[in-house]
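Structure, as structure tokens:
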Amino acid sequence: MAEDRKEIDALTGTATTGHEWDGLRELNTPLPRWWLWLFYITIVWSVGYWIVYPAWPLLTNSTQGVFGYHTRTALLEDLDALKQQRGPMMDKLAGASLAEIASDPQLLDFARAQGRVAFADNCAPCHGAGGGGAKGYPNLNDDEWLWGGKLSDIEQTIRFGARAGDSKGRAGAMPAFGRDNLLKPNEISAVADFVRSLSGLATEPGANLTLGKKVYADNCAVCHGPDGKGNREMGSPNLTDKIWMYGSDKLTIVQGIENGRGAVMPNWGGRLSEPTIKALTVYVHTLGGGEK
Amino acid sequence: MTAQATMSLEQPASGAPALAQLVTEAEVGGAPPEGDIPLYAARRNIYPQSVHGTFRNIKWAVLAVTLGIYYLLPFVRWDRGPNAPSQAVLIDFPNRRFYFFFIEIWPQEIYYLTGLLILAALVLFLMNAVAGRIWCGYLCPQTVWTDLFFAIERFVEGDRREHMQRDARKWTAGTYARKGLKHFLWLMVAWWTGGAWVLYFSDAPTLVKDLATGQAPFIAYVWIGILTVTTYSLAGHMREQVCLYMCPWPRIQAALTDEYALNVTYRYDRGEPRCSVKKGEQLRAQGQPVGDCIDCLQCVHVCPTGVDIRGGANLGCIQCGLCIDACDAIMSKLGRPTGLIAYDTDLNIKQRIEGKTPFYKLVRMRTALYAGIIAVVGGIMIYTLATRDSEGISIIHDRNPMYVRLSDGALRNGYTIRIVNKRLKYRDFIVSVDGLPSTLIDFVGLPPRADGRQLITVGPDQTKEVRVVVTDYSATPPPPSTSILFKLIDIDSGETAEMRDHFFGPG
Chain P
264 MAEDRKEIDA LTGTATTGHE WDGLRELNTP LPRWWLWLFY ITIVWSVGYW
314 IVYPAWPLLT NSTQGVFGYH TRTALLEDLD ALKQQRGPMM DKLAGASLAE
364 IASDPQLLDF ARAQGRVAFA DNCAPCHGAG GGGAKGYPNL NDDEWLWGGK
414 LSDIEQTIRF GARAGDSKGR AGAMPAFGRD NLLKPNEISA VADFVRSLSG
464 LATEPGANLT LGKKVYADNC AVCHGPDGKG NREMGSPNLT DKIWMYGSDK
514 LTIVQGIENG RGAVMPNWGG RLSEPTIKAL TVYVHTLGGG EK
Chain V
8 MTAQATMSLE QPASGAPALA QLVTEAEVGG APPEGDIPLY AARRNIYPQS
58 VHGTFRNIKW AVLAVTLGIY YLLPFVRWDR GPNAPSQAVL IDFPNRRFYF
108 FFIEIWPQEI YYLTGLLILA ALVLFLMNAV AGRIWCGYLC PQTVWTDLFF
158 AIERFVEGDR REHMQRDARK WTAGTYARKG LKHFLWLMVA WWTGGAWVLY
208 FSDAPTLVKD LATGQAPFIA YVWIGILTVT TYSLAGHMRE QVCLYMCPWP
258 RIQAALTDEY ALNVTYRYDR GEPRCSVKKG EQLRAQGQPV GDCIDCLQCV
308 HVCPTGVDIR GGANLGCIQC GLCIDACDAI MSKLGRPTGL IAYDTDLNIK
358 QRIEGKTPFY KLVRMRTALY AGIIAVVGGI MIYTLATRDS EGISIIHDRN
408 PMYVRLSDGA LRNGYTIRIV NKRLKYRDFI VSVDGLPSTL IDFVGLPPRA
458 DGRQLITVGP DQTKEVRVVV TDYSATPPPP STSILFKLID IDSGETAEMR
508 DHFFGPG
């Protein structure tokens, strides 16, 4: 930049700023003064923020601001507002029977929406985000139910759990036939093959199905039924269908007979609110496998 | 301000643009200024004089029509039946709908707004290519409201001369009373402007009643307050400062214009050399050339932005044409032809100086292109609006589990479908699935009709979400993914909507 020479540009009659770059000079078009004032006002305005909102960090805390604004309390207020908004439908849900909920489309929609959220919060860790289940955790979308798939059955299972120490809960477990020396290894192998044959799965060459059938009749039929259809009173699964909670390969079946099975479903009564249990019941029932 | 500098190149130095005059007058003259030059300039008060003529009448008419539309449109009724609001133009935020007479827009149709914005921009460009800043001079809300506020100012404080003289004298109680009345009237207009604004967002007659009785929602009062403040400050106080310093359009406009676009132009070929009537007679007697401009400054005095149009094209000029009216009035009195200032081009001035015929070229590459794009975009919008469906279906496949094996070995997939009914009445739909050999579809929670089909009833102007499970019973296992087609059918009208999705299996 050359030496500052402020002069009047002959062509426009406008003063220059005096700055010159390789012979190019800049016209000085002054900024309006109100613009400058606006700038000062924004500075003053920023001071207002310090006073109104939490701003300056202190040693252990920060300045709190006269509005008492806090993101946490703002969230809680929003949640309260939501609760208020949902209040009437929640009351309706709390007062309705399961059958009434199922027959009222509006209430059903509401219950399913509530149930979806409650399911994600409480059930998804074991049963999967969409109730798809996992090994040892039943798929809630299919049409097989260990403890029954009617609305009332599902509600009871949710409320009191299974094998969770609740006196009203679902009880009954698969004994450990091998570990407790109730069956010999060859008997276990034979009955495992027999069980596979019940649902049309291939058996190992040389499998002793006659022994298996005898072992089944003596030890298993009392719970799983003489024809292997299971018993929902005891939560013993149907062995003749295509659904296997732990797996249908022989090793898995042998492991189950050897060590027993007894998956636990927590009892949610008392932990979840009554309307939430109803909503969950309806939600699980409508995943696809609900029974009338 | 570069554009201003370059555009003034053709002009004699005497016609210094108005903006440059913001610098102290004393500095103009060639002498280097003493000490530091100012970086900030105080605002120059502008007292536009009242004027009569063609363009003033056009501006009054535009003002009456545009403000009339703005203030009254919310009260126009449009009967849509019992299931929709009966306000012709309504932005219904709580229910996510926009109503414009017979058109109803859903949030997902916001692309119509995009199309509208594209059209607005192109119409602005086309106006600019045809005749400069038509928008700025006649249609811009800033211009229209400022014009109204000027009218109020002149009504209360008198015309230019009277107003300036009273301001210059020592202020009396009467001066303060006039100023007070002016600001009160301004605030009333501003307040009513804010009031009209909120009426577009709620049922107007109900809201007016609620506002009057203090029953309206708090946010309505807040918005009235905001619009009152902006209208009062922008139209009452900021005025030409908005055009000079705040609005981007003058800058864009200067870059978009070309030499053929009509602009409010001082025909210096006819006007210069300017001199008073008396001096002109003397010069004429001596056989010297004399221009028609008598330097009466009427064009400057009527200008709402304080521009001297004789300085040539100028960023500050909003091209409202009031200087044309002012000049024509003077020229008529002098018995000289009108049109010393007129919609014209610099090109034509040069044509006349060279003795050639002036011309106006309307059809140019840019006007044709703008008009063409406007026609195409407008055509697309009208076509899509006219042929859009009043029903729709969208589908989400279950993410987990992707498929379910049933106890008999069949495969089942779960979907959440949402059905859209844009009609203002209840409609019954059925949904079918094509693409699988042997399927059963079940809509969770919907009781079947006598023929076994499940009807989905969707309320007027609503959507409904339904859970659907599709079971495939085919003997051979389906491939990992099968494309299937969901078909939505209105059982009364037979209208359909389709959506493709997939049926998954283990493969």
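Residue numbers (this note's numbering), protein chains in the order written: chain P, 264 to 555; chain V, 8 to 514.
Positions of the beta carbon are idealized from the N, C-alpha and C atoms, including for glycine.
The structure displayed is predicted, hence computed values, not measured ones.
task = Would you mind stating whether isoleucine 364 of chain P and arginine 412 of chain V have Cβ atoms separated by less than 9 angstroms?
result = Contact flag unset, no.
query = In chain P, what lies closer than 7 angstroms to asparagine 407 of chain V by C-beta?
reply = Gly391, Ala392, Gly393 and Gly395, listed in chain order.
request  = Find the residues of chain P that neighbour arginine 474 of chain V, judging by a C-beta separation of less than 7 angstroms, and give them in chain order.
outcome  = Per Cβ cutoff of 7 angstroms: Thr549.
Pairwise C-alpha distance: threonine 394 of chain V and isoleucine 53 of chain V = Going from the Cα of isoleucine 53 of chain V to the Cα of threonine 394 of chain V covers about 53 angstroms.
Chain V contact residues for aspartate 406 of chain P, given Cβ-Cβ distances below 8 angstroms = In chain order: Leu413 and Ser414.
key: glycine 498 of chain P and glycine 412 of chain P closer than 9 angstroms at C-beta   = In this structure, glycine 412 of chain P does not lie closer than 9 angstroms to glycine 498 of chain P by Cβ.
message = With distance defined between alpha-carbon atoms, name the residue in P/Asp343, P/Asp490, P/Ala392 and P/Tyr316 nearest to phenylalanine 330 of chain P.
response = Closest option to phenylalanine 330 of chain P, Cα to Cα, is P/Tyr316.
query = Hey, phenylalanine 440 of chain P and glutamate 521 of chain P: beta-carbon distance below 9 angstroms or not?
reply = It is a contact, given that the beta carbons lie within the stated cut-off.
Alpha-carbon to alpha-carbon, alanine 427 of chain P and alanine 538 of chain P = One detail in the question is off: residue 538 of chain P reads as proline in this sequence, not alanine. Between proline 538 of chain P and alanine 427 of chain P, the C-alpha separation is close to 22 angstroms.
inquiry  = With a threshold of 8 angstroms, are at least 3 pairs of Cβ atoms found where one atom belongs to the segment 433 to 447 of chain V and the other to the segment 488 to 495 of chain V?
reply    = Because the criterion of three Cβ pairs below 8 angstroms is met, the segment 433 to 447 of chain V and the segment 488 to 495 of chain V touch.
ask   = Who are the Cβ neighbours of lysine 398 of chain P in its own chain at under 8 angstroms, not counting the five residues just before and after it?
value = If we look at lysine 398 of chain P and ignore the five residues flanking it on each side, its Cβ neighbours are Met508, Tyr509 and Gly510.
request  = Taking 9 angstroms as the cut-off, decide whether the C-beta atoms of cysteine 556 of chain P and glycine 435 of chain P are in contact.
outcome  = Outside the shown range of chain P, which is 264 to 555, sits residue 556 of chain P, and nothing can be said about it.
query = Whose Cβ in chain P lies nearer than 8 angstroms to the Cβ of leucine 46 of chain V?
reply = Within chain P, the residues near leucine 46 of chain V are Asn291, Pro293 and Leu294.
task = Can you check DSSP and say which residues form a bridge with glutamine 419 of chain P?
result = Under DSSP, glutamine 419 of chain P forms no beta bridge with any residue.
ask   = Any residues in the segment 229 to 248 of chain V with a beta carbon nearer than 7 angstroms to a beta carbon of chain P? Which ones, in chain order?
value = When CB distances to chain P are screened at a threshold of 7 angstroms, the residues of the segment 229 to 248 of chain V falling below it are Gln248, in chain order.
inquiry  = Quick check: is the beta carbon of alanine 359 of chain P nearer than 9 angstroms to any beta carbon in chain V?
reply    = At a cut-off of 9 angstroms between beta carbons, alanine 359 of chain P makes no contact with chain V.
request  = Give the range of the alpha helix (DSSP H) segment to which leucine 124 of chain V is assigned.
outcome  = Here the alpha helix (DSSP H) through leucine 124 of chain V covers 118 to 138.
inquiry  = Which residues in chain V have a C-beta closer than 9 angstroms to the C-beta of aspartate 504 of chain P? List them in chain order.
reply    = Within chain V, the C-beta atoms nearer than 9 angstroms to that of aspartate 504 of chain P come from Leu413, Ser414, Asp415 and Gly416, in chain order.
query = Thinking just about the alpha-carbon of each residue, which of P/Arg459, P/Lys477, P/Glu407 and P/Tyr303 is nearest to the one in alanine 417 of chain V?
reply = In terms of Cα proximity to alanine 417 of chain V, the closest of P/Arg459, P/Lys477, P/Glu407 and P/Tyr303 is P/Glu407.
Short Cβ contact (9 angstroms threshold) for aspartate 166 of chain V with arginine 274 of chain V = The answer is no: Cβ separation not under 9 angstroms.
key: methionine 195 of chain V burial status per 10 Å Cβ neighbour count (16 or more: buried)   = So methionine 195 of chain V ends up on the exposed side.
ask   = For arginine 167 of chain V and chain P, any beta-carbon pair shorter than 9 angstroms?
value = For arginine 167 of chain V, the answer is no, since every Cβ of chain P falls outside 9 angstroms of its Cβ.
message = When you compare the CB of valine 517 of chain V with every CB in chain P, is at least one pair closer than 9 angstroms?
response = It is not possible to answer for residue 517 of chain V, since the shown part of chain V is limited to 8 through 514.
request  = Figure out for me which residue from P/Trp300, P/Leu550 and P/Met437 has the closest Cα to the Cα of glycine 523 of chain P.
outcome  = Looking only at P/Trp300, P/Leu550 and P/Met437, the smallest Cα-Cα distance to glycine 523 of chain P is reached by P/Met437.
request  = Give every residue of the same chain whose Cβ lies closer than 8 angstroms to the Cβ of arginine 371 of chain V, excluding the five residues on either side of it in the sequence, and list them in chain order.
outcome  = These residues qualify, in order along the chain: Ala136, Asp265 and Tyr267.
message = Short of 8 angstroms Cβ to Cβ, which residues in the segment 346 to 380 of chain P face chain V?
response = Within the segment 346 to 380 of chain P, the residues whose Cβ lies closer than 8 angstroms to some Cβ of chain V are Ala365, Pro368, Leu371, Asp372 and Arg375, listed in chain order.
message = For alanine 321 of chain P and valine 307 of chain P, what's the separation of their Cα atoms in angstroms?
response = For clarity, residue 321 of chain P is leucine in the given sequence; the question names alanine instead. Cα to Cα, leucine 321 of chain P sits roughly 22 angstroms from valine 307 of chain P.
query = Do the segment 193 to 208 of chain V and the segment 169 to 180 of chain V touch if we need at least three Cβ pairs shorter than 8 angstroms?
reply = Counting Cβ pairs under 8 angstroms, fewer than three are found: no touch.
Nearest-angstrom Cα separation, counted from tyrosine 332 of chain P out to threonine 323 of chain P = For threonine 323 of chain P and tyrosine 332 of chain P, the distance between alpha carbons rounds to 18 angstroms.
query = For leucine 146 of chain V, which residues from the same chain have a beta carbon less than 8 angstroms from its beta carbon, with the 5 sequence-adjacent residues on both sides left out?
reply = By the criterion of a C-beta distance shorter than 8 angstroms, leucine 146 of chain V is surrounded in its chain by Val69 and Thr73, once the five residues flanking it on both sides are discounted.
ask   = How many Å lie between glutamate 505 of chain V and aspartate 396 of chain V at the Cα?
value = Taking the Cα positions, glutamate 505 of chain V is about 11 angstroms away from aspartate 396 of chain V.
is_contact[tyrosine 419 of chain V, chain P] using C-beta, thresh 9 angstroms = The identity of residue 419 of chain V in the sequence shown is arginine, whereas the question assumes tyrosine. At a cut-off of 9 angstroms between beta carbons, arginine 419 of chain V contacts chain P.
key: Segment limits, alpha helix (DSSP H) that includes arginine 168 of chain V   = Looking at the DSSP string, the run of the alpha helix (DSSP H) that includes arginine 168 of chain V is 167 to 175.
request  = Return the CA-CA distance between tryptophan 199 of chain V and lysine 286 of chain V, expressed in angstroms with no decimal places.
outcome  = The alpha-carbon atoms of tryptophan 199 of chain V and lysine 286 of chain V are separated by roughly 52 angstroms.
request  = Report the rounded CA-to-CA distance for tyrosine 303 of chain P versus glycine 122 of chain V, giving the unit in angstroms.
outcome  = Answer to the nearest angstrom: the Cα atoms are 40 angstroms apart.
inquiry  = With a threshold of 9 angstroms between beta carbons, is asparagine 402 of chain P in contact with chain V?
reply    = Interface residue, yes.
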